[in-house]
Ligand code: ADE
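Residue numbers (the UniProt record's numbering): 1 to 244.
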C-alpha cells in the first residue's frame, strides 16, 4: 500500500508513536526537522514533527511526499471546539478542511485559495472512516477523559477550520462560529497540509482531539491536555488501525 506519513505539530502529539516504532527506524534531518522512517505496528511509515502553523505543516507535508514517497498522510493533534456539540475530550475527524484566515478579497472570494479556485479540501473517505471507527472504539473503552465535562466523549466528522491563530477569546470563537456555522473545531495546520496533499494528489486524513473551547481558558486547557492526554489518544486510536 506504500508508506504512511503521520504528522503532528507538537512533540507530545506524536511522542507515543515514536516510542512505539519498531527497532531500526532511521532518522533523516531535513529543513530543521527529524523524519523517523521505519515501521509502526507493522506498517511502513514516516513520522515527523511539523511544528505549529500553516507554513510549517505545508513544508513538512511537501517533504514527506517528495523525499519519502508516502502514499497517504495523517495529521494528528489537538484542536479547540467551536460547534456547540463539540466538547473537551471529543474527537473530530475531518470530512473537509478550510483556511479560515485566507482572505484575498476583492481579488478572490473570501476563504478561496487564490489561483486554485477552492475553498474546501476533502479528506480521503476511506482513511477518515477507519479513523472514525477506531476513535469510536477508543472513547467507548476509555470512558471519561481527564477533565472532560461529559461522561462519554463523542466522535464527530465534519468541517475543520485552520488558521495561523490560536483562538483564545470568546468573541473570536463566536465570530468564527457565525462565519462558519458548520465548523466543528479550529486548529492551525490541517487545511495547509490538505492543500499540499490535494496539489500532489495524495490522499490524507486529519484527526483532532478537543483540548479546549477556543475561549479565555484555552491556554490553560490546552497545556494541561497536551501534557496529560494528547499522546494517549493518538496512539490509542492509531494502534488498532495500523495493526489491522
Ligand atoms: N489547537 C488547540 N486549541 C486551539 C485553539 N484554541 N485555537 C487554535 N488551535 C488550537
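Idealized CB from N, CA, C, for every residue including glycine.
So, helix, strand or coil for residue i, using DSSP?
i	result
residue 24	coil
residue 211	strand
residue 189	coil
residue 232	helix
residue 149	Bear in mind that a pLDDT of 49 at residue 149, under 50, signals an unreliable position, so the model cannot answer this.
residue 30	strand
residue 90	coil
residue 250	In the structure as shown, the chain starts at 1 and stops at 244, and residue 250 therefore has no counterpart that could be examined.
residue 50	coil
residue 124	coil
residue 157	strand
Ordered along the chain, which non-local residues of its own chain (more than five positions away) have a Cβ less than 7 Å from that of residue i?
i	result
residue 149	Annotation note: pLDDT 49 at residue 149 (below 50); position unreliable, coordinate value reported separately. For residue 149, where only same-chain residues beyond five positions count, the Cβ hits under 7 Å are 87, 88.
residue 59	31
So, for residue i: in the same chain, excluding its five sequence neighbours on each side, which residues have a beta-carbon less than 6 Å away from its beta-carbon?
i	result
residue 19	none
residue 182	159
residue 65	200, 202
residue 44	3
Looking only at C-alpha atoms, which of the options sits nearest to residue i?
i	options	result
residue 194	137, 63, 78, 120	120
residue 127	109, 152, 157	157
residue 57	234, 214, 226, 163	163
residue 29	198, 47, 21, 39	47
residue 102	114, 96, 95, 93	114
residue 136	172, 238, 9	238
residue 170	62, 212, 224, 74	212
residue 140	155, 7, 188	155
residue 243	191, 40, 208, 190	40
residue 191	153, 13, 93, 142	93
Leaving out the 5 sequence neighbours to the left and right, which residues in its chain are closer than 8 Å to residue i when beta-carbon positions are compared?
i	result
residue 67	28, 30, 35
residue 124	72, 203, 204, 205
Could you check how far apart the C-beta atoms of residue i and residue j are, in whole angstroms? I think they sit under 8 Å.
i	j	result
residue 173	residue 214	4 Å
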